[in-house]
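*Asks:*
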Amino acid sequence: MAEESGNTRVYRKTMPPSWWTRKAHYFWYVVREFSALPLAIWLLLLLGEIRSAANGPAGYHPLGGTGFVIFSVIALFFSLYHSYTFLSLSGAIIHFKVIDRQFPSWPIVWAQMIMWAIVSAFIIWALWWFST
Amino acid sequence: MHMFWWFMFAQGGVIAALLLPAHILVQGILGPLGGMPVADRHYETWVSALHNPIVKLYLIVLISVPFFHFAHRLRYLVVDFGVHEAKGMWAQVGFYGTSVAITIVTIWIVWTTAPIDIGALHLLG
Amino acid sequence: MAEKTITIQATRFDPDKDARPHLQSYEIPFIDESMVVLDALNYIKTHVDGSLSYRWSCRMGICGSCGMMINGQSKLSCSAFLRDYWPKPILVEPLNNFPIIRDLVIDMEDFMHKLKSIKPWIIRKTEIPLGSGEHRQTNAQIDDFRQFSECINCMLCYSACPVYGLNNEFRGPAAIALARRYNHDSRDEGTKERLPVIADAEGVWECSFVGECSVVCPKGVDPAKAIQQSKLDTSLRFVVPFGNRE
Chain A
2 MAEESGNTRV YRKTMPPSWW TRKAHYFWYV VREFSALPLA IWLLLLLGEI RSAANGPAGY
62 HPLGGTGFVI FSVIALFFSL YHSYTFLSLS GAIIHFKVID RQFPSWPIVW AQMIMWAIVS
122 AFIIWALWWF ST
Chain B
2 MHMFWWFMFA QGGVIAALLL PAHILVQGIL GPLGGMPVAD RHYETWVSAL HNPIVKLYLI
62 VLISVPFFHF AHRLRYLVVD FGVHEAKGMW AQVGFYGTSV AITIVTIWIV WTTAPIDIGA
122 LHLLG
Chain C
347 MAEKTITIQA TRFDPDKDAR PHLQSYEIPF IDESMVVLDA LNYIKTHVDG SLSYRWSCRM
407 GICGSCGMMI NGQSKLSCSA FLRDYWPKPI LVEPLNNFPI IRDLVIDMED FMHKLKSIKP
467 WIIRKTEIPL GSGEHRQTNA QIDDFRQFSE CINCMLCYSA CPVYGLNNEF RGPAAIALAR
527 RYNHDSRDEG TKERLPVIAD AEGVWECSFV GECSVVCPKG VDPAKAIQQS KLDTSLRFVV
587 PFGNRE
């Protein structure tokens, strides 16, 4: 698109909606942002399962079926990618000083990853414990 | 206001990052495939877990807070795909309003399903 | 033995004649392994086609004038070695996301305006008189902002930023990183003056953290981090009771 700007005529390129296919980095950024959609759907399914427990023992249908398991596998990929990117990026953003010096970001990132492992192990244990 | 939504976006991101993978792995894959016994496979065990007020509070946080993260991300993603309107007031009302609505619905569902047994709590006391 | 050559495909645009830019190919001798894209352009200008227009000055990665899209990547043309591309042809285009004035020359007016808008100078409530001696800083205080002061205004980050590409109103990576450079300078007292521009809808909140700005920066500045930290700080200013400090 050409246009007049002051006395000189300039050419302005517009960005196509497909810009994110230009670079691998852009692509993975879009994957990271898109992860919100499968995770949102998965949580709504979980909410539906909780709701169906209000129907009594005969009306309760736990989540299952081939389609749901396949979707969960896909959601797990997006979920792990979200965890990895969010924890490493937020670890790099959190900043504070210890005795006048900027605390380096790598221990914060590692602390978050370790916390993730502990919390995950606890959730797995709790879901098993409530089944007994 | 941007600041508030971004703050909620960050909170939702942390909750989703820390808690979600384990739930999806266990309740979405291992449980349905019979890889391990999981609370929500049977009505009795799931309801007894849902009676617990701490479990209720946890589930409300687990389900509702990430939606503030999702709403923010999806709104920006729509902008990234060239839909400038998603920056506007009405888009914000739509996206963030949905996450508020889901929060309310979640609280209602988790609260009313397998209600906290006041009598049982009294007996414990 | 036949002389080694390399093909340069450069964007040509003459505002008086062309409706839109087109590519022109030049095959030039590749005689020296240390040749960079800027050397190739200078060879073309001197020996092949004197009408090719582009900006350059120091040819050693300091002035920030010769930023271009090289095979689609934002790069300083003085730091892009031909040997990394040969024998394939090299596509040389003007920086993305800016209006093209002629050939490889872009209009930097908007960038200059944004740079100025964040008041990139030390602001003080009361000036310290020159006679009172130097205003000393510890190494730790300098480390606080040094990284962000390395910026050479080459605009590579703007050309790599899809958010700026989609919305030219966005304040952009270099300007926000530079604001942080002054906000974190122990001599500066101007944070509150810069805040309206930084914490604006077209300031940090417009950024969706693609992060490509930090990848392409030739000076190792991390604008993406600067923007996210600014978001965190602005949020904390209101959340934490003692956050609204100077």
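Chains as they are written, first to last, in the working numbering: chain A, 2 to 133; chain B, 2 to 126; chain C, 347 to 592.
Heads up, the beta-carbon is just placed ideally off N, CA and C, and yes, glycines get one too.
Since this is a predicted model, take the numbers as computed values, not measurements.
1) Please go through the same chain and pick out, in chain order, the residues whose beta-carbon is closer than 7 Å to the beta-carbon of C:Cys-500, but skip the five residues on each side of it.
2) Name the chain B residues that come within less than 9 Å of C:Thr-351, Cβ to Cβ?
3) Per the contact definition of three or more C-beta pairs closer than 8 Å, is the segment 102-117 of chain A in contact with the segment 64-71 of chain A?
4) Less than 7 Å separating the beta-carbons of C:Pro-466 and C:Leu-450?
5) Would you please verify whether the beta carbon of A:Ser-134 is less than 7 Å from any beta carbon of chain B?
6) Using 8 Å for Cβ pairs, my map puts A:Ser-1 next to B:Ala-40. What's the rounded Cβ distance?
7) Output needed for C:Gly-589: all residues of its chain with C-beta closer than 7 Å, excluding positions within five of it in sequence on either side, in chain order.
8) Which bits of chain A does C:Gly-511 rub up against, with CB to CB less than 8 Å?
9) Just grab the DSSP bridge partners of C:Ser-420 for me.
10) Return the CA-CA distance between C:Arg-632 and C:Ile-464, expressed in angstroms with no decimal places.
11) Less than 7 Å between C-beta atoms, sequence neighbours within five positions excluded: which residues of the same chain meet that for C:Glu-496?
12) What are the boundary residues of the alpha helix (DSSP H) that includes C:Tyr-389?
13) What would DSSP say about C:Phe-427, mapped onto helix, strand or coil?
14) Quick check on the DSSP output: the alpha helix (DSSP H) that includes A:Glu-50 runs from which residue to which?
15) Could you check whether the segment 32-41 of chain A touches the segment 59-71 of chain B, counting it as contact only if at least three pairs of C-beta atoms, one from each stretch, sit closer than 8 Å?
16) Using DSSP with H/G/I as helix, E/B as strand and the rest coil, what is A:Pro-63?
17) Which residue comes first and which comes last in the alpha helix (DSSP H) that contains C:Ser-505?
18) For A:Ala-54, count neighbouring Cβ atoms within 10 angstroms of its own Cβ and tell me buried if that reaches 16, exposed if not.
19) Hey, is C:Thr-537's beta-carbon within less than 7 Å of any beta-carbon in chain B?
20) In its own chain, which residues sit with a C-beta less than 8 Å from the C-beta of A:Tyr-82, not counting the 5 before and 5 after it?
21) If C:Val-509 sits next to C:Glu-455, beta carbons under 8 Å apart, how far is it from one beta carbon to the other, in whole angstroms?
22) Determine the extent of the alpha helix (DSSP H) in which C:Ser-463 is found, giving its start and end residues.
23) For chain A, is any of its Cβ atoms less than 7 Å away from the one on B:Val-62?
24) In chain order, which continuous runs of the alpha helix (DSSP H) of length 4 or greater are located wholly inside the segment 540-592 of chain C?
25) Please state whether the Cβ-Cβ distance between A:Ile-125 and B:Ala-23 is less than 7 Å.
26) Step through the CB atoms of chain C and report whether any lies within less than 7 Å of the CB of A:Val-110.
*Replies:* This is what the structure gives:
1) Gly-410, Gly-413, Leu-422 and Pro-564
2) Neighbours of C:Thr-351 on chain B: none; closest Cβ ~41 Å, over 9 Å.
3) no
4) no
5) Any question about residue 134 of chain A goes unanswered here, given that chain A covers just 2 to 133.
6) Any property of residue 1 of chain A remains undetermined from this structure, which presents chain A solely from 2 to 133.
7) Because C:Gly-589 carries a pLDDT of 47, less than 50, the predicted location of this residue cannot be relied on, and the following value inherits that uncertainty. Leu-582 and Arg-583.
8) Met-16 and Trp-20
9) C:Met-415
10) There is no way to answer for residue 632 of chain C, as the model of chain C reaches only from 347 to 592.
11) Lys-565, Gly-566 and Val-567
12) 383-389
13) strand
14) 37-53
15) yes
16) coil
17) 502-506
18) buried
19) no
20) Val-32, Arg-33 and Ser-36
21) Actually they are not in contact, since the Cβ atoms of C:Val-509 and C:Glu-455 sit about 19 Å apart, beyond 8 Å.
22) 455-463
23) no
24) 558-562 and 569-585
25) yes
26) no
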